[in-house]
Ligand SMILES: [Zn+2]
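What follows is the structure, given as structure tokens:
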């Protein structure tokens, strides 16, 4: 039996889903953000199923975002549960704050290179730092390679690294039940934004390389489309029972956006910041990194198809039609 525990977050996305797998070992998938409110509600939700934090024997993390791993250290300390996560996630979870700082340095370089004004970049850096406290660290006791399995008395989950929403997105596939525990790889009511973040190796690309998150994400989605899934348990919102239709909708959405961006570039060459402003107006300022990630995801696609090329003018990249 798997129970969905809906835990509050301070973020725009709203509540995050943690899953209690009532099996041997007793397992919690994802933890919620590191806040007193999330911890209180998690304790209450576990209590609703007759369990306490101290009863947890295993904690599994789906990916590196703070709403999913924030409480991991506290829960692991209180319960003594073994922590399981993708092997590539081990260094991130060992030192979450240091990892987040290096991601922010990449974000800063990219924002300046793509035409976002200095004052906006400075303001966003401060916002990101203030968020970091909701994250958390813990040693991973049981690193999971892509393609390995996680065994329980009553089930076996196959571990699949399918990056794109984040570099560490990990799916847990139960072929016997046609059930996929998907983290934020696929969410019913919102498109999972591929935020640019440093590659961690494996399918997420070589560390130090320029990550092409959307292309990676589309490849991961196409893989998931082929799985004979009946139910996806997502990191946010309701379970998904028609994953092929949803994935097709997401693929079509990204094609439409790529076509729109190609049109804007054909009118005249533009920086990614100008493209984001043309698409989203002031949101390109308040959510500058999110919208930059979205634009660069699509220009990567257009460059790969030979429709667009980059040109550097005074340290800022502009995209022009080929
Ligand atoms: Zn996420």
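Numbering (our numbering), first residue to last: 11 to 332. Using N, Cα and C, we set each Cβ at its ideal position, and we do this for glycine too.
**Item:** Given 8 Å, three or more beta-carbon pairs between the segment 105-119 and the segment 307-323
**Value:** no
**Residues near ligand 1, criterion Cβ-heavy atom distance below 7 Å** = 73, 75, 77, 78, 175, 176, 193, 194, 245
**Prompt:** With burial defined as no fewer than 16 other Cβ atoms inside 10 Å of the residue's Cβ, what is the status of residue 221: buried or exposed?
**Reply:** Indexing the chain shown from 1 puts residue 221 at position 211. Buried.
**Item:** Residue interval of the beta strand (DSSP E) (run including residue 14)
**Value:** In the chain shown, the residue the question calls residue 14 occupies position 4. That run of the beta strand (DSSP E) goes 12-17.
**Item:** Expected contact under 8 Å - CB spacing of residue 49 and residue 84 to nearest Å
**Value:** Position 39 of the chain shown, counted from the start, is the residue given in the question as residue 49. Position 74 of the chain shown, counted from the start, is the residue given in the question as residue 84. Confirmed, about 7 Å.
**Message:** Measuring straight from C-alpha to C-alpha, what distance separates residue 296 and residue 160?
**Reply:** Here the question's residue 296 lines up with position 286 in the chain shown. Here the question's residue 160 lines up with position 150 in the chain shown. Straight-line Cα distance between these residues: approximately 41 Å.
**Asked** Ordered along the chain, which non-local residues of its own chain (more than five positions away) have a Cβ less than 8 Å from that of residue 134?
**Response** The residue given as residue 134 occupies position 124 in the chain shown. Cβ within range, chain order: 117, 121, 298, 299.
**Prompt:** Which class does residue 21 belong to by DSSP, given the choice of helix, strand or coil?
**Reply:** Counting from 1 along the chain shown, the entry for residue 21 is found at position 11. Residue state, collapsed to three classes: coil.
**Prompt:** Which of helix, strand or coil does DSSP assign to residue 161?
**Reply:** Numbered from its first residue, the chain shown carries residue 161 at position 151. Residue state, collapsed to three classes: strand.
**Asked** CA-CA distance, residue 29 and residue 154?
**Response** For this step, residue 29 is matched to residue 19 along the chain shown. For this step, residue 154 is matched to residue 144 along the chain shown. Taking the straight line joining both Cα atoms gives about 19 Å.
**Request:** Answer yes if the segment 143-150 comes into contact with the segment 86-101, meaning at least three C-beta pairs across the two stretches below 8 Å, and no otherwise.
**Result:** yes
**Asked** What did DSSP end up calling residue 321 once you bin it into helix, strand or coil?
**Response** Position 311 of the chain shown, counting from 1, holds the residue named residue 321. Note: residue 321 maps to strand in three-state DSSP.
**Item:** Delimiting residues of the beta strand (DSSP E) encompassing residue 192
**Value:** Stepping through the chain shown from its first residue, residue 192 is reached at position 182. From DSSP, the beta strand (DSSP E) with residue 192 extends over 189-193.
**Prompt:** Just curious, the alpha helix (DSSP H) that residue 84 is in, first and last residue?
**Reply:** Here residue 84 refers to the residue found at position 74 when the chain shown is read from its first residue. 82-89 is the span of the alpha helix (DSSP H), which, as asked, contains residue 84.
**6 Å CB neighbourhood of residue 189 in its chain, flanking five on each side removed** = What you label residue 189 is simply residue 179 of the chain shown in a count that begins at 1. Correct list, in chain order: 241.
**Request:** Determine the closest residue to residue 171 out of 197, 316, 99, with distance taken between C-alpha atoms.
**Result:** For the purposes of this step, residue 171 is taken as the residue at position 161 of the chain shown. Per the Cα distances, 99.
**Request:** Go through the segment 93-176 residue by residue and report every complete run of the alpha helix (DSSP H) that reaches 4 residues or more, in order.
**Result:** 100-104, 106-123, 128-141
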